[in-house]
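Numbering (this note's numbering), first residue to last: 164 to 731.
For each residue, glycine too, the CB sits at the ideal point set by N, CA and C.
Owing to the predicted nature of the structure, the values given are computational and were not obtained by experimental measurement.
Notes follow once the structure below has been shown.
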């Protein structure tokens, strides 16, 4: 009887548990609720369905995006938000684990779990993680604030000899392991109360042993250019730029960037205003002349046969080297860069003396002593410059200023020649350069010029001939000068009118006198006529004599009249 009772009891208990299990299965299919007392991180999801729990957890993670974390390195710290690090949660996994509480394992364990939840809450992992690539990029961009840079062992040149200079250890952030440390910090049950994370760092030893640097003693390449004719500002810029390159050590594989070495081009960094090329013209710019530093260094480096990784020619030809031997830097788009492609360090010495800039590249010579290299410039074609005239109405007539000297354009190339024992072994094209022709720019003053003379000048400018334009400039008249000439012409006309009036008065007086003389002559003629009538009464024998006398008297009278008109 007792045995039968026990069987009935256990059978009943088994039936109840099976019914409980079957009910749970049916309920899961109908979207069961999470057991009370279950939390995902800081979110209490007890009694929620799976979807409700997912929504609650996602909302909580969204609210974390503005949370700021302090990331500590050796030399300092930076702050990054959860959004900066791309923090996310594996919500699906977290909710699945929450739903399984009290429903997984043996029947006894499930029962025990449900009973424990009535006493204490169960906190499950939210499975937070960071975007590893995004976090690594941000750490890398801020590594300078978090690390102590190692100072490489180096050299300095004193009195023609190299002196060893010990370096210092550095400490830098281990980017990869630091990202995993941040991820583990969040994943290991972070509850939002502690937001300071220690980054993983490592010691960095200085490069270059004393024995290795002792091999730097051979002159591999050198070059010099003259800047003695430069303005004081330009000379200062060449000297300043050269000093910033001096003492550079490049270890095998290192790449040198001139622009980052000598910039910024500001007065605070030792530069002054001087002429520089810009868009085919010469302008005043801080650091003008720095390209002569680039050109001189370029020629020393190619003779040391280091690898040139970036080089640009000037937009216009320069006077201190032959075409295609120059190197220009400008902004962030033109730079001189080269790499130490040797197996040992190289040292760059730069100095200025007597208006000449010098660069020497030292290292360990491994090239055969009977091998020599040289470089030869070749001009392929040239373009003659034009003359550009600027008419400036703010400048007075007669103003003539040459604002820019002309530059001949050309296409050039540089050849590298290798001789062994004086016999040419190779002649290879090393680079090509294209230089723009830049015009001679002349500014001409046209202030208050007359329209007529200004038109004549513009027509002359259209010819592009400087002599023709000079001629037109000499004929420029201002409106004031034109008005003055017009007034003077009017005054001259008035004076001429007065002179003419005086001459007319004189002519009238002369005419009156002539009339009086004519009347006197008429009277004399009448008297002669009367005498002629009386003579007719004479004897016919005297006719011939009287007629002759009468003719003589008439001739005498006409001569007298003629003499009076002539004297008037």
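Can you list, in chain order, the residues of its chain with a C-beta nearer than 8 Å to that of residue i? Leave out the 5 residues immediately preceding and following it.
{"i": "residue 244", "result": "228, 229, 230, 231 and 232"}
{"i": "residue 602", "result": "548, 549, 550, 551, 567 and 569"}
{"i": "residue 505", "result": "415, 469, 526, 527 and 529"}
{"i": "residue 703", "result": "Low local confidence applies: a pLDDT of 42 at residue 703 is under 50, so the model's placement there is unreliable, and no value is given."}
{"i": "residue 194", "result": "212, 213 and 214"}
By the DSSP assignment, the beta strand (DSSP E) with residue i in it spans what residues?
{"i": "residue 321", "result": "317-321"}
{"i": "residue 594", "result": "586-598"}
{"i": "residue 523", "result": "519-526"}
{"i": "residue 348", "result": "Careful: residue 348 lies outside any beta strand (DSSP E), inside the alpha helix (DSSP H) at 338-350."}
{"i": "residue 582", "result": "572-583"}
{"i": "residue 514", "result": "509-516"}
{"i": "residue 551", "result": "550-555"}
{"i": "residue 235", "result": "231-235"}
{"i": "residue 387", "result": "381-389"}
{"i": "residue 436", "result": "436-441"}
{"i": "residue 529", "result": "That residue, residue 529, is in no beta strand (DSSP E); it is neither H nor E in DSSP."}
{"i": "residue 311", "result": "Unbroken run through residue 311: none, as it is neither H nor E."}
{"i": "residue 540", "result": "534-546"}
{"i": "residue 287", "result": "285-287"}
{"i": "residue 203", "result": "201-203"}
{"i": "residue 364", "result": "364-367"}
Per the DSSP calculation, residue i is bridged to which residue(s)?
{"i": "residue 616", "result": "DSSP, once it has assigned bridges, lists no residue as partnering residue 616."}
{"i": "residue 473", "result": "500"}
{"i": "residue 563", "result": "607"}
{"i": "residue 411", "result": "511"}
{"i": "residue 244", "result": "231"}
{"i": "residue 291", "result": "252"}
{"i": "residue 327", "result": "318"}
Compute the beta-carbon to beta-carbon distance between residue i and residue j, rounded to the nearest angstrom, for a pair I have assumed lies under 8 Å.
{"i": "residue 344", "j": "residue 360", "result": "7 Å"}
{"i": "residue 390", "j": "residue 398", "result": "6 Å"}
{"i": "residue 388", "j": "residue 536", "result": "That pair is no contact at about 19 Å."}
{"i": "residue 198", "j": "residue 280", "result": "5 Å"}
{"i": "residue 552", "j": "residue 500", "result": "At roughly 41 Å, the Cβ-Cβ gap does not stay under 8 Å, so residue 552 and residue 500 are not in contact."}
{"i": "residue 476", "j": "residue 341", "result": "About 44 Å; that fails the 8 Å criterion."}
{"i": "residue 335", "j": "residue 369", "result": "In fact, because the Cβ distance is near 13 Å, the residues do not count as touching under 8 Å."}
{"i": "residue 503", "j": "residue 450", "result": "Actually they are not in contact, since the Cβ atoms of residue 503 and residue 450 sit about 26 Å apart, beyond 8 Å."}
{"i": "residue 458", "j": "residue 483", "result": "7 Å"}
{"i": "residue 512", "j": "residue 409", "result": "6 Å"}
{"i": "residue 461", "j": "residue 490", "result": "4 Å"}
{"i": "residue 362", "j": "residue 235", "result": "6 Å"}
For residue i, I'd like the list of residues in its chain whose CB is within less than 6 Å of its CB, leaving aside the five on either flank, ordered along the chain.
{"i": "residue 192", "result": "Caution applies to residue 192, whose pLDDT of 35 falls short of 50 and renders its modelled position unreliable; the value that the coordinates give is listed next. For residue 192, where only same-chain residues beyond five positions count, there are no Cβ hits under 6 Å."}
{"i": "residue 184", "result": "With a pLDDT of 47 at residue 184, under the threshold of 50, the predicted position of this residue should be treated as unreliable, and no value is reported."}
{"i": "residue 562", "result": "608"}
{"i": "residue 629", "result": "550"}
{"i": "residue 598", "result": "479, 480, 572 and 573"}
{"i": "residue 202", "result": "284 and 286"}
{"i": "residue 547", "result": "none"}
{"i": "residue 294", "result": "249"}
{"i": "residue 623", "result": "631, 632 and 635"}
{"i": "residue 383", "result": "467, 524 and 526"}
{"i": "residue 396", "result": "435, 436 and 437"}
{"i": "residue 606", "result": "553, 555, 564 and 566"}
{"i": "residue 299", "result": "338 and 342"}
{"i": "residue 217", "result": "254 and 258"}
Kindly say whether residue i, judged by its beta-carbon, lies nearer than 8 Å to any beta-carbon of chain D.
{"i": "residue 245", "result": "Here chain D cannot be found, since the structure has a single protein chain."}
Please go through the same chain and pick out, in chain order, the residues whose beta-carbon is closer than 7 Å to the beta-carbon of residue i, but skip the five residues on each side of it.
{"i": "residue 644", "result": "none"}
{"i": "residue 329", "result": "316"}
{"i": "residue 196", "result": "210, 211 and 212"}
{"i": "residue 404", "result": "425, 453 and 456"}
{"i": "residue 642", "result": "611 and 613"}
{"i": "residue 527", "result": "378, 379, 381 and 507"}
{"i": "residue 583", "result": "533 and 534"}
{"i": "residue 219", "result": "206, 208 and 211"}
{"i": "residue 700", "result": "For residue 700, the predicted structure reports a pLDDT of 42, less than 50, and the residue's modelled location is therefore unreliable. A value from the coordinates is still provided. Counting only Cβ-Cβ distances below 7 Å, and skipping sequence neighbours, we find nothing."}
{"i": "residue 616", "result": "638, 639 and 640"}
Residue range of the alpha helix (DSSP H) that residue i falls in?
{"i": "residue 463", "result": "453-467"}
{"i": "residue 404", "result": "395-408"}
{"i": "residue 418", "result": "Segment 418-420 is the beta strand (DSSP E) holding residue 418; no alpha helix (DSSP H) there."}
{"i": "residue 225", "result": "213-226"}
{"i": "residue 276", "result": "270-280"}
{"i": "residue 491", "result": "Premise fails: residue 491 is in no alpha helix (DSSP H) and is neither H nor E."}
{"i": "residue 303", "result": "295-304"}
{"i": "residue 262", "result": "254-263"}
{"i": "residue 631", "result": "629-637"}
{"i": "residue 376", "result": "373-376"}
- Query: Given 8 Å as the limit, is there contact between the region 240-254 and the region 302-321, that is, 3 or more CB pairs closer than that?
  - Reply: yes
- Inter-stretch contact (C-beta, 8 Å, three-pair minimum) for the region 585-592 and the region 462-475: no
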